[in-house]
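Residue numbers (the working numbering): 851 to 940.
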């Protein structure tokens with residue numbers, strides 16, 4: 851699902867969304883080379899497991915005004931697995 855819009859490997863390209871390598875511990879809206887919404891930039895969330903778990907449930911509800919069009923992942927186990935994968939890529 852994520853690979854349609856994001857890369858996760860080190861040095862990955864910007865696609866429809868920003869690269870996700872190293873996202874944990876990074877502040878929202880700060881990846882160079884991606885035109886973030888003002889909502890993402892001003893949210894100033896430092897991405898952690900907790901924030902990402904809630905964000906991935908419903909991105910537009912977590913950061914109103916985000917450009918991310920993904921509806922979210924409802925299953926807790928799928929979100930937890932994805933977060934573990936992203937953390938391992940950093």
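Just so you know, even glycine gets a beta-carbon here, dropped at the ideal spot from N, CA and C.
Given residue 867 as reference, the closest of 926, 923, 916, 927 once Cα atoms are compared: Nearest of 926, 923, 916, 927 to residue 867, Cα basis: 916.
On the CB-based measure, 16 or more other CB atoms within 10 Å of its CB, does residue 861 come out buried or exposed? Burial call: exposed.
Tell me the rounded alpha-carbon separation between residue 888 and residue 900. Cα-Cα distance, rounded: 22 Å.
Buried or exposed, going by whether 16 or more other CB atoms sit within 10 Å of the CB of residue 893? Answer is buried; the Cβ neighbour count reaches 16.
Drop a sphere of 10 angstroms on the beta-carbon of residue 898, count the other beta-carbons inside from all chains shown, and report buried for 16 or more, exposed for fewer. Classification for residue 898: exposed.
Buried or exposed: which applies to residue 911, given that a residue is buried once 16 or more other Cβ atoms fall within 10 Å of its Cβ? In this structure residue 911 is exposed. Its beta-carbon is surrounded by fewer than 16 other beta-carbon atoms within 10 angstroms.
Less than 8 Å between CB atoms is the rule here; does residue 873 satisfy it with respect to chain D? No chain D is part of this structure, which consists of one protein chain only.
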